[in-house]
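Participant: Protein chains in written order, with our numbering: chain A, 3 to 770; chain B, 248 to 403.
Yeah, the Cβ is synthetic: ideal placement off N, Cα and C, and Gly gets one too.
Before I ask anything, let me first share the structure, which is written out below as structure tokens.
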Amino acid sequence: MSILGTRVIRTEDPRLLTAGAVYVDDLRVPELDGAARVTFVRSPVAHARITGIDASAALSEPGVVAVLTVQDMTDLAPPPPDSGEPVGGEGPAPLGGPWSEPLLAADTVRFVGEPVAVVITDGRYQGEDAADLVTVDYDPLPAVVGPEAALTSESLLFPAAGSNIPLTSPVSADDAPFDACEVVVEQAIVNQRLACMPLEGRATAATFENGKLTVWHSSQNAQLCRLILCGALGMAPDQIRVIVPDVGGGFGAKVGIDRDGLVVAWAARKTGRALRWNETRSENLVGMTQGRAQLHHIKIGGNRDGKILAYRIDVIQDSGAYSRMGGFLPMLTCLMAPGVYDIPAVQAGYRVVVTNATPISAYRGAGRPEAAATIERAVDLFAAEIGMDPAEVRRRNFVAPDKFPFQTKTGALYDSGQYEEALDKVLAGAGYQELRKEQERRRASGDVRQLGIGISSYVEITAADGAAGETAKLEVADDGTATVYTGSSPHGQGHHTAWAMLVQEELGIPMDKVTVVHGDTDLIPVGVGTYASRSLQLGGSAVHKAAVEVKDEARRQAADILEAAEADVVLDTISGLWQVRGDPEASLTWAQVAGHTSGGLVADVSFAADLPTFPFGAHVSVVEVDTETGKVTLLRHVTVDDAGPVLNPVLAEGQRHGGIAQGAAQALLEEVLYDADGNPLTSTLADYAAITAAELPSYELLASETPTTVNPLGVKGIGEAGTIGSTPAIQNAVIDAVAHLGIRHIDMPTTPQRVWTAINEAQKAGNQ
Amino acid sequence: MKVDLTVNGKDISADVEDRMLLVHFLRDVADLTATNVGCDTTSCGACTVLLDGESVKSCTVLAAQASGHEITTVEGLATNGEMHPVQRAFHQEHGLQCGFCTPGMVMAIVSLLKENPDPSEQQVRQGLEGNLCRCTGYHNIVRAALAAADEGKVSA
Ligand code: FES
Ligand code: FES
Numbered sequence: 003m004s005i006l007g008t009r010v011i012r013t014e015d016p017r018l019l020t021a022g023a024v025y026v027d028d029l030r031v032p033e034l035d036g037a038a039r040v041t042f043v044r045s046p047v048a049h050a051r052i053t054g055i056d057a058s059a060a061l062s063e064p065g066v067v068a069v070l071t072v073q074d075m076t077d078l079a080p081p082p083p084d085s086g087e088p089v090g091g092e093g094p095a096p097l098g099g100p101w102s103e104p105l106l107a108a109d110t111v112r113f114v115g116e117p118v119a120v121v122i123t124d125g126r127y128q129g130e131d132a133a134d135l136v137t138v139d140y141d142p143l144p145a146v147v148g149p150e151a152a153l154t155s156e157s158l159l160f161p162a163a164g165s166n167i168p169l170t171s172p173v174s175a176d177d178a179p180f181d182a183c184e185v186v187v188e189q190a191i192v193n194q195r196l197a198c199m200p201l202e203g204r205a206t207a208a209t210f211e212n213g214k215l216t217v218w219h220s221s222q223n224a225q226l227c228r229l230i231l232c233g234a235l236g237m238a239p240d241q242i243r244v245i246v247p248d249v250g251g252g253f254g255a256k257v258g259i260d261r262d263g264l265v266v267a268w269a270a271r272k273t274g275r276a277l278r279w280n281e282t283r284s285e286n287l288v289g290m291t292q293g294r295a296q297l298h299h300i301k302i303g304g305n306r307d308g309k310i311l312a313y314r315i316d317v318i319q320d321s322g323a324y325s326r327m328g329g330f331l332p333m334l335t336c337l338m339a340p341g342v343y344d345i346p347a348v349q350a351g352y353r354v355v356v357t358n359a360t361p362i363s364a365y366r367g368a369g370r371p372e373a374a375a376t377i378e379r380a381v382d383l384f385a386a387e388i389g390m391d392p393a394e395v396r397r398r399n400f401v402a403p404d405k406f407p408f409q410t411k412t413g414a415l416y417d418s419g420q421y422e423e424a425l426d427k428v429l430a431g432a433g434y435q436e437l438r439k440e441q442e443r444r445r446a447s448g449d450v451r452q453l454g455i456g457i458s459s460y461v462e463i464t465a466a467d468g469a470a471g472e473t474a475k476l477e478v479a480d481d482g483t484a485t486v487y488t489g490s491s492p493h494g495q496g497h498h499t500a501w502a503m504l505v506q507e508e509l510g511i512p513m514d515k516v517t518v519v520h521g522d523t524d525l526i527p528v529g530v531g532t533y534a535s536r537s538l539q540l541g542g543s544a545v546h547k548a549a550v551e552v553k554d555e556a557r558r559q560a561a562d563i564l565e566a567a568e569a570d571v572v573l574d575t576i577s578g579l580w581q582v583r584g585d586p587e588a589s590l591t592w593a594q595v596a597g598h599t600s601g602g603l604v605a606d607v608s609f610a611a612d613l614p615t616f617p618f619g620a621h622v623s624v625v626e627v628d629t630e631t632g633k634v635t636l637l638r639h640v641t642v643d644d645a646g647p648v649l650n651p652v653l654a655e656g657q658r659h660g661g662i663a664q665g666a667a668q669a670l671l672e673e674v675l676y677d678a679d680g681n682p683l684t685s686t687l688a689d690y691a692a693i694t695a696a697e698l699p700s701y702e703l704l705a706s707e708t709p710t711t712v713n714p715l716g717v718k719g720i721g722e723a724g725t726i727g728s729t730p731a732i733q734n735a736v737i738d739a740v741a742h743l744g745i746r747h748i749d750m751p752t753t754p755q756r757v758w759t760a761i762n763e764a765q766k767a768g769n770q
Numbered sequence: 248m249k250v251d252l253t254v255n256g257k258d259i260s261a262d263v264e265d266r267m268l269l270v271h272f273l274r275d276v277a278d279l280t281a282t283n284v285g286c287d288t289t290s291c292g293a294c295t296v297l298l299d300g301e302s303v304k305s306c307t308v309l310a311a312q313a314s315g316h317e318i319t320t321v322e323g324l325a326t327n328g329e330m331h332p333v334q335r336a337f338h339q340e341h342g343l344q345c346g347f348c349t350p351g352m353v354m355a356i357v358s359l360l361k362e363n364p365d366p367s368e369q370q371v372r373q374g375l376e377g378n379l380c381r382c383t384g385y386h387n388i389v390r391a392a393l394a395a396a397d398e399g400k401v402s403a
């Protein structure tokens with residue numbers, strides 16, 4: 003029987019449950035014995051010129067090894083002169099030229115939390131004391147708070163650039179498609195700024211010995227870290243080793259290594275001391291990149307028969323103080339703008355702006371949840387306007403199953419999808435008709451607690467950079483054990499279990515004899531990493547490919563030992579024995595076959611996909627809204643998330659659960675806020691409303707598996723689907739609960755205050 | 248100052264700074280690194296341990312305050328290499344992903360089940376309000392708690 007598709011509990015867990023994982027701060031390796039602690043001095047103001055730094059008081063404190071500022075970075079090459087060329091584009095890379103981000107602030111700070119200096123101390127608590135004694139003089143500049151303020155360009159973050167708008171891809175202004183519609187609805191929709199908040203914050207340790215820099219970093223990809231370190235520190239790849247130990251969550255914010263980690267590595271080289279840095283949560287909530295932060299203006303038009311004819315989305319992407327992703331995020335939002343619908347005219351465009359806030363980067367979904375949230379809101383707005391059930395409007399506009407591969411108006415090529423089937427399945431699973439009846443009953447009786455039913459149908463893009471591929475090296479040793487070296491980089495997903503399952507499936511070597519190694523550039527020099535829901539489809543396909551190659555080589559070896567024709571030698575994947583067809587006596591173990599070779603059985607491969615994949619699904623969310631207080635209670639959440647064949651339902655469901663919760667968090671609670679001067683109001687976990695178990699129900703997951711043809715496993719990504727599907731379903735449910743009061747839209751997060759205000763205003767309007 | 252703690256049944260004495268937090272004592276002095284620090288406002292519960300059998304957030308207790316007391320961390324939960332029923336339930340139910348919240352979650356649930364051996368789902372959810380997990384969406388953590396409670400009922 004195949005192990006694929008079966009419920010295998012994780013091999014990682016016994017260690018994590020009894021001894022704990024080994025995160026960067028847990029490392030007790032000899033190289034880090036006596037390591038000094040790094041503490042950052044960060045800007046307390048949103049926008050200011052630095053007029054002076056005085057570290058003398060700090061330096062005279064006990065235990066202070068050094069205080070370093072940008073002045074000490076004399077060993078680094080100055081940034082290349084501004085060539086006046088365009089500053090970069092839609093690749094997920096930082097903008098250069100006048101928009102460049104320094105490692106430590108030079109003469110200007112542009113967000114609260116920006117690193118200005120580092121204090122290096124012998125002990126843990128000394129760093130905080132000494133950092134307080136570093137005096138930095140700031141000459142305040144007007145803060146640009148929020149994307150709309152950025153557009154006015156009244157105050158400029160980068161005067162040399164001449165505006166706050168580094169990139170634009172203008173949306174069409176052609177109104178003709180809308181003029182032909184019976185009904186047109188317009189709406190401004192906020193996709194608020196969120197904290198990624200992996201429970202382990204950023205952490206780096208570094209040593210510099212005999213010309214070699216070793217960096218331990220909490221990251222989603224060791225190899226990218228090394229590439230970035232090479233560029234920032236002017237070193238060759240063989241002078242740097244990056245080790246990624248266990249990682250306490252990433253969600254996009256730990257792709258590569260950011261400036262804080264680079265500063266720690268540089269400081270280790272500069273001082274020759276082994277260094278450790280582990281940020282506090284308060285640092286994390288201002289210093290780690292955040293997500294979303296888009297403002298949308300949309301227009302949707304169609305006919306009263308439910309057919310949508312035209313859709314326009316104009317995206318303003320707040321990139322924070324430094325554009326670390328260029329136009330990448332809003333580009334993805336525009337690419338996925340029409341979602342699951344076959345809309346004849348789609349117009350999408352964006353502007354990227356800089357503001358005096360924490361830089362924005364990828365956060366679970368990265369541009370796609372924003373697209374899904376808004377098209378799903380737009381469809382509901384349109385449905386409300388024409389008075390049709392939102393499920394019916396969706397059905398009338400889906401891309402039909404016979405149209406795949408489907409080329410969208412925004413340039414995406416959807417590989418496969420069954421959108422109507424997914425919706426029908428989730429509606430049946432939720433008991434949609436009964437829910438509507440219950441809603442009717444509560445509305446008729448004027449119940450204080452109104453019921454809301456929200457729907458989303460979604461499609462998303464995973465492994466968008468499939469061409470970059472992923473690596474795997476598989477070795478079978480002469481003791482019959484196998485080792486997988488993967489370029490993929492787990493931080494909770496369960497790769498060690500999944501990759502071992504793939505090896506057992508193909509080679510019949512039992513999972514407990516398979517070791518998976520990741521995250522060490524000395525052992526795995528080439529690798530891409532874990533993000534964009536790419537791991538199984540690329541990294542898993544690479545493991546599969548390596549296993550097939552090892553098997554082919556083993557067959558040749560076995561044929562040689564058994565003196566049989568290769569075609570007659572078969573592997574029994576249940577017993578893990580090589581046999582000769584028709585001769586049950588002649589059999590060999592993996593140990594015997596591997597022992598017959600000189601160098602062992604090894605395959606070192608990479609797998610690349612020509613195309614990305616497009617998982618899809620449908621969610622139904624049921625909420626109760628207390629119309630007197632505005633409080634929303636999420637009662638049920640039912641989902642179909644189709645990412646092709648499921649390798650291990652335990653892991654796939656876990657990804658869906660986590661994704662749903664993060665989507666619910668955006669829809670209901672979480673938001674990074676700033677005051678009018680750019681001071682963060684949510685810089686501790688006491689203020690940032692991270693979602694808890696008490697605010698969530700158990701989820702109801704339904705199965706659906708539509709394979710893709712772009713990889714040998716037929717799989718798509720599942721890591722971000724839950725978030726992409728749940729956010730709009732929950733937001734739509736909240737609005738649906740109060741729709742009978744005349745409310746058409748409430749921005750996220752749908753906090754009690756916001757919902758209460760909407761109800762209150764609707765009642766006032768009704769009384770007039 | 249000098250402190251004497253019993254950690255997972257082992258006596259540990261050390262001279263520490265007055266302001267040393269219990270969690271840093273556990274991690275840096277006792278070298279037990281499973282207990283994690285996830286915040287600086289007593290909000291996340293990643294640091295939850297048992298102090299004389301009751302759950303506390305070890306980031307909010309000074310090592311000095313814990314002197315003379317018994318501390319249990321997740322490292323001390325298994326007996327003779329056998330996982331505690333809550334640990335076992337976490338494994339069976341896939342109650343952990345990255346594992347960062349896990350030691351604190353496990354200890355919080357051990358304490359919760361001691362106080363209420365037969366909780367409802369809602370009681371588990373309310374009881375875990377002070378423990379954040381960013382990975383699992385809590386679904387399987389709640390299931391693990393309920394499964395451990397069920398196992399307790401059978402063995403009781
Ligand atoms: S570290 Fe103790 S509650 Fe967060
Ligand atoms: S498993 Fe990652 S925070 Fe809970």
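Following a CB-centred definition, is Arg384/B positioned closer than 7 angstroms to any heavy atom of ligand 2?
Facilitator: Per the sequence shown, the amino acid found at residue 384/B is Gly instead of Arg. No, the beta carbon of Gly384/B sits no closer than 7 angstroms to any heavy atom of ligand 2.
Participant: In the region 324–336 of chain B, which residues sit with their C-beta less than 7 angstroms from some C-beta in chain C, listed in chain order?
Facilitator: Any reference to chain C falls outside this structure, whose protein chains are A and B.
Participant: Using CA coordinates, which residue listed in Thr291/A, Arg278/A and Tyr140/A is at the minimum distance from Gly258/A?
Facilitator: Ranking Thr291/A, Arg278/A and Tyr140/A by Cα distance to Gly258/A puts Thr291/A first.
Participant: Which one or two residues does DSSP pair with Pro682/A in a beta bridge?
Facilitator: Bridge partners of Pro682/A according to DSSP: Tyr676/A.
Participant: Closest by CA to Glu92/A, which one among Ser447/A, Phe408/A and Asp467/A?
Facilitator: Asp467/A
Participant: Taking three-plus beta-carbon pairs below 8 angstroms as touching, is the region 625–638 of chain A in contact with the region 722–731 of chain A?
Facilitator: no
Participant: Taking 8 angstroms as the cut-off, decide whether the C-beta atoms of Asn286/A and Gly203/A are in contact.
Facilitator: yes
Participant: Reducing DSSP to helix, strand and coil, say where Lys718/A ends up.
Facilitator: coil
Participant: Could you check which residue in Leu671/A, Val192/A, Ser491/A and Trp268/A has the C-alpha nearest to that of Ser2/A?
Facilitator: The question about residue 2/A has no answer here: the residues shown for chain A are numbered 3 through 770.
Participant: In the DSSP assignment, the alpha helix (DSSP H) including Val266/A goes from what residue to what residue?
Facilitator: Arg261 to Thr273
Participant: Could you list which residues in chain A have their beta carbon closer than 7 angstroms to that of Ala191/B, in chain order?
Facilitator: Nothing can be reported for residue 191/B, as the shown portion of chain B is limited to 248 through 403.
Participant: Find the nearest neighbour of Val642/A within the set Tyr421/A, Ala502/A and Thr483/A, judged by alpha-carbon distance.
Facilitator: Tyr421/A
Participant: Quick one: using the 10 Å Cβ neighbour count with 16 as the cut-off for buried, is Glu568/A buried or exposed?
Facilitator: When all chains shown are included, Glu568/A counts as exposed.
Participant: Any beta carbon of chain B sitting closer than 8 angstroms to that of Ala691/A?
Facilitator: no
Participant: Going by DSSP, name the residue or residues bridged to Gly619/A.
Facilitator: Tyr460/A and Asp643/A
Participant: Please name the residue, chosen from Ala391/B, Gly351/B and Arg381/B, that lies closest to Glu368/B on a Cα-to-Cα basis.
Facilitator: Ala391/B
Participant: Just grab the DSSP bridge partners of Thr110/A for me.
Facilitator: In DSSP, Thr110/A forms a bridge with Arg51/A.
Participant: For Glu655/A and Phe180/A, I'd like the C-alpha separation in whole angstroms.
Facilitator: Cα-Cα distance, rounded: 41 angstroms.
Participant: Going by Cα to Cα distance, which pick from Thr137/A, Ala474/A and Trp279/A is closest to Ile526/A?
Facilitator: Cα-wise, what sits closest to Ile526/A is Ala474/A.
Participant: Threshold first: 3 residues or longer. Then list the beta strand (DSSP E) segments lying entirely within the region 331–402 of chain B, N to C.
Facilitator: none
Participant: Return yes when the C-beta of Cys203/B is under 7 angstroms from any heavy atom of ligand 2, and no when it is not.
Facilitator: In this structure chain B extends from 248 to 403, so residue 203/B is not present and cannot be described.
Participant: Any residues in the region 355–386 of chain B with a beta carbon nearer than 9 angstroms to a beta carbon of chain A? Which ones, in chain order?
Facilitator: Within the region 355–386 of chain B, the qualifying residues are Glu368, Gln369, Val371, Arg372, Gln373, Gly374, Leu375, Glu376, Gly377, Asn378, Leu379, Cys380, Arg381, Cys382, Thr383, Gly384, Tyr385 and His386.
Participant: Residues around ligand 1, please: the condition is that the C-beta lies closer than 6 angstroms to some non-hydrogen atom of it.
Facilitator: Cβ-based neighbours of ligand 1 within the cut-off: Val284/B, Gly285/B, Cys286/B, Thr289/B, Ser290/B, Cys291/B, Gly292/B, Ala293/B, Cys294/B, Lys304/B and Cys306/B.
Participant: Nearest to Val604/A by alpha carbon, out of Pro586/A, Ile720/A, Tyr487/A and Ala705/A?
Facilitator: Tyr487/A
Participant: Rank Glu394/A, Gln349/A, Gly252/A and Pro361/A by C-alpha distance to the C-alpha of Arg306/A and give the top, closest one.
Facilitator: Nearest to Arg306/A by alpha-carbon distance, out of Glu394/A, Gln349/A, Gly252/A and Pro361/A, is Glu394/A.
Participant: Helix, strand or coil for Arg274/B per DSSP?
Facilitator: When secondary structure is reduced to three states using DSSP, Arg274/B falls in the helix class.
Participant: State yes or no: is the beta carbon of Val254/B nearer than 8 angstroms to at least one beta carbon in chain A?
Facilitator: For Val254/B, no CB of chain A lies under 8 angstroms from its own CB, so it is not counted at the interface with that chain.
Participant: DSSP on Tyr690/A, reduced to helix/strand/coil?
Facilitator: coil
Participant: In whole angstroms, give me the CA-to-CA distance for Ile732/A and Val270/B.
Facilitator: Those two C-alpha atoms are separated by around 38 angstroms.
Participant: May I ask which residues mark the beginning and end of the alpha helix (DSSP H) holding Ser447/A?
Facilitator: Here the alpha helix (DSSP H) through Ser447/A covers Tyr434 to Ser447.
Participant: Between the C-alpha atoms of Ala500/A and Gly384/B, what's the straight-line distance to the nearest angstrom?
Facilitator: 21 angstroms
Participant: CB of Arg243/A to nearest heavy atom of ligand 2: below 7 angstroms?
Facilitator: no
Participant: The beta strand (DSSP E) with Asn193/A in it runs from where to where?
Facilitator: Val185 to Ala197
Participant: For Glu398/B and chain A, any beta-carbon pair shorter than 8 angstroms?
Facilitator: no
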